[in-house]
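One structure is given below, encoded as structure tokens.
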Amino acid sequence: SSMTRAHHPRRTRAGMTLLEVMLAMSILTLLFGAALASVIQVTKIVDAARSRTRAVSILNQRMEEMRALTFTQLKSRLGDASFTTGTERASSLTTMQEFRWSRTHQSAGEDVSDTLLKVTVSIEWKQLGRTSALRAYSYFAKDGVLVSESTAAGSTSS
């Protein structure tokens, strides 16, 4: 009988069953899928933040261009289409983007006075099928420096 045992050894577990391998692969696939989805989402967030930062930079550049002018120069340049509208291109992580900006001033009847001018700078860009916009405004005084008031209001629409 000892020969029989030597001849027929007991079964030992030498490896994993097919079911265990499939279960392990399913779990790993889910984990890698979740990790990939997270990376994609973070890339979109970084891309959106980069675009917004670029838009704010363009908006500030347009404001600084106006601040460098005298009141008379600014008032006359606001009638020039090449000064009041424009487009800038910038590359993002996923695409080349277009930022459209414009400068508008209130009509003479709406201005605070002949010596005070309010100018608004607006910027729009599209990202992932959505349009985003920022706007800032500043007052310019003829007889000296006026403390500038500026607001940046973002809006998003489908």
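All residue numbers for the sequence shown refer to my numbering, where the first residue is 40 and numbers rise by one. Just so it is clear, CB atoms sit at the ideal spot from N, CA and C, and this is done for glycine as well. These numbers were taken from a predicted model, which means no experiment stands behind them.
With respect to the 9 Å criterion, THR159 and ARG142 are classified as neighbours on the basis of their beta carbons. Counting along the chain, the unbroken beta strand (DSSP E) around THR126 starts and ends at 124–130. Residue burial is scored here from C-beta neighbours: LEU57 has fewer than 16 other C-beta atoms within 10 angstroms and is therefore classed as exposed. Taking 9 Å as the cut-off, the beta carbon of ALA120 is found no closer than this to the beta carbon of SER171. Boundaries of the beta strand (DSSP E) harbouring ALA180: 169–180, taken from the DSSP string.
Look at the beta carbons and you see the region 75–92 touching the region 122–138: at least three pairs across the two are nearer than 8 Å. In this structure, GLY118 sits away from TRP140, with a CB-CB distance that is not shorter than 9 Å. In this structure, DSSP gives THR82 a helical state, which the three-state scheme calls helix. Nearest to HIS144 by C-alpha distance, out of SER77, ARG116, ILE97, is ARG116.
Secondary structure at GLN166: strand, using DSSP grouped into helix, strand and coil. It is roughly 11 Å from the alpha-carbon of TRP164 to the alpha-carbon of MET135. In the DSSP annotation of this structure, the continuous segment of the beta strand (DSSP E) that includes GLN136 starts and ends at 135–144. Counting along the chain, LEU108 sits inside no alpha helix (DSSP H), nor does DSSP assign it H or E at all. Contact between LEU173 and LEU113 fails: their C-beta atoms lie close to 21 Å from each other, not under 8 Å.
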